[in-house]
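Novice: I'd like to ask some things about the structure below.
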Amino acid sequence: MKQAEDSSAFFVSGKKEVLIIRIKRGKARTKEVVPKERINEQISAPKVRVIGPDGKQIGIMPTRDAIRKAEDMNLDLVEISPNTEPPVCRILDFGKYYFEKEKKAREARKRQHEIEIKEIKFGPNTEEHDYNFKKNNAIRFLKQRNKVKFTVRFRGRQMAHKELGYDVLERLKNDLGHIADVDAPPVAERNLLFIIMTPKKDIDHILEKAAAESAAAPETEANPVK
C-alpha cells in the first residue's frame, strides 16, 4: 500500500529566510531549507514585473507594493527570473511550490533507470502543421525525461534528395536545442536518417522560465498599491 504524503511549511526569519518543511510520510520529519530563489524582502530590485497566482500578468510595480499585494493574499512574492529587466516575480505559496518541486525531482530520480527512447517519424517534405504537432509531442516526451529518436524516412524518388532530410533534422536541433542535446551526428541507414536527443537536466527550469517570460510580455505599468 502506498503511504500517504502531506506537508506543511512556514518561514523563520533571520539573516537568511529559512523554509521549514514538515513532511508526513509514515513518520513525521522536519526539513530545514534555505531556498535558492529570492523571496519577499530578499528581493533587491526596486521594481519587478509581477505574475499573479493564476499565472496572469499583473504588471510592473515597486517591489514593496508587490510584497504587500502578496501579503494581502497570504502568499509570498518569489523571484523566478532574476536576470530580466525588471526581474520577474510570481505571487504564490512558496511552501507548496517548494514541496511540489522536490516531489517532481524525487520522481525524476526514481525514473532515471526507466528512461525510454520515443521515436517520432517525419518525411522529407513534412508539412508545417504536422511538423509542429510532432515537435510538441517531442517536447512532452522530453519533459518526461525520455530520449527522443527523430527519424526521416525516404520513399522512392525521395532518396535522391536526402539533403531535405538533413534540413528537417537541423530544424529540430535548432527548435529543441534549448531543452535537449543531440547524442551524435545524423545516422543514415538504407532509406532512413535519424538523430537521438536527450533532455537537459534542468529542462523543467528552462521551460518554467520561458513560460514566465512569455506571460510577462508585453510590458505594462501597474497602478501602485495604496
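In terms of the numbering used here, the sequence shown is numbered consecutively and its last residue is 251. From the three backbone atoms N, C-alpha and C, an ideal C-beta is built for every residue, glycine too.
Please report the straight-line C-alpha distance between I92 and L102, rounded to a whole angstrom.
Specialist: Within the sequence shown, numbered from 1, the residue matching residue 92 stands at position 67. Within the sequence shown, numbered from 1, the residue matching residue 102 stands at position 77. Whole-angstrom Cα-Cα distance: 6 angstroms.
Novice: Reducing DSSP to helix, strand and coil, say where I204 ends up.
Specialist: What you label residue 204 is simply residue 179 of the sequence shown in a count that begins at 1. Here I204 sits in coil by DSSP.
Novice: Can you tell me whether R50 is helix, strand or coil according to DSSP?
Specialist: Sequence index remark: in the sequence shown, residue 50 carries index 25 (1-based). Legend: pLDDT at R50 = 47, less than 50; position of this residue unreliable, no value from coordinates given.
Novice: Which same chain residues end up closer than 7 angstroms to N162 when comparing Cβ atoms and leaving out the 5 residues on each side of it in sequence?
Specialist: Taking the sequence shown and counting its residues from 1, the one referred to as residue 162 is at position 137. The residues are I145.
Novice: Relative to the C-alpha of E62, which candidate in V212, Y156, P112 and G84 has its C-alpha closest?
Specialist: Along the sequence shown, read from residue 1 onward, the residue named residue 62 stands at position 37. Comparing Cα positions, the closest option is P112.
Novice: I believe V177 touches F147 by the beta-carbon criterion, under 8 angstroms. Please report the beta-carbon distance rounded to the nearest angstrom.
Specialist: For this step, residue 177 is matched to residue 152 along the sequence shown. For this step, residue 147 is matched to residue 122 along the sequence shown. With a Cβ gap of about 5 angstroms, V177 and F147 count as contacting.
Novice: Tell me, to the nearest whole angstrom, how far the beta carbon of A240 is from that of I76; I am working on the premise that it is less than 8 angstroms.
Specialist: In the sequence shown, counting from the first residue as 1, residue 240 sits at position 215. In the sequence shown, counting from the first residue as 1, residue 76 sits at position 51. Their Cβ separation, rounded to whole angstroms, is 6 angstroms, which keeps A240 and I76 in contact under 8 angstroms.
Novice: What are the start and end residues of each continuous alpha helix (DSSP H) run of 4 or more residues lying completely inside the segment 77 to 113, in chain order?
Specialist: Fully enclosed alpha helix (DSSP H) runs of 4 or longer: 88 to 97.
Novice: Less than 8 angstroms separating the beta-carbons of M98 and I85?
Specialist: On the sequence shown, position 73 is the one that residue 98 refers to. On the sequence shown, position 60 is the one that residue 85 refers to. No, they are not a contact pair.
Novice: CB-CB under 7 angstroms to F179, same chain, minus the five flanking residues each way: which ones, in chain order?
Specialist: Working through the sequence shown from its first residue, we reach residue 179 at position 154. Here the set comprises P149, K187, G190 and N216.
Novice: Closest to Y156 by C-alpha separation, out of K225, P107, A70 and R196, would be which residue?
Specialist: For the purposes of this step, residue 156 is taken as the residue at position 131 of the sequence shown. Of K225, P107, A70 and R196, the residue nearest in Cα terms is R196.
Novice: Is L201 near M184, with beta carbons less than 8 angstroms apart?
Specialist: One-based indexing of the sequence shown puts residue 201 at position 176. One-based indexing of the sequence shown puts residue 184 at position 159. Cβ atoms of L201 and M184: not closer than 8 angstroms.
Novice: Buried or exposed for G80, please, with buried defined as at least 16 other CB atoms from any protein chain shown within 10 angstroms of its CB.
Specialist: Counting from 1 along the sequence shown, the entry for residue 80 is found at position 55. Answer is exposed; the Cβ neighbour count stays below 16.
Novice: From which residue to which residue does the beta strand (DSSP E) around K143 run?
Specialist: For the purposes of this step, residue 143 is taken as the residue at position 118 of the sequence shown. Its beta strand (DSSP E) spans residues I142 to F147.
Novice: Roughly how many angstroms separate the alpha carbons of K72 and R131, rounded to a whole number?
Specialist: As a working mapping, residue 72 is identified with position 47 in the sequence shown. As a working mapping, residue 131 is identified with position 106 in the sequence shown. Rounded to whole angstroms, K72 to R131 spans 35 angstroms at the Cα level.
Novice: Using the beta-carbon count (16 or more within 10 Å), is V193 buried or exposed?
Specialist: What you label residue 193 is simply residue 168 of the sequence shown in a count that begins at 1. Per the 10 Å Cβ criterion, buried.
Novice: Using a Cβ-Cβ cutoff of less than 7 angstroms, which residues in the same chain neighbour I83 once the five nearest sequence positions on both sides are dropped?
Specialist: As a first step, residue 83 must be located in the sequence shown, where it is residue number 58. Answer for I83: V75, I76, G77 and A247, listed in chain order.
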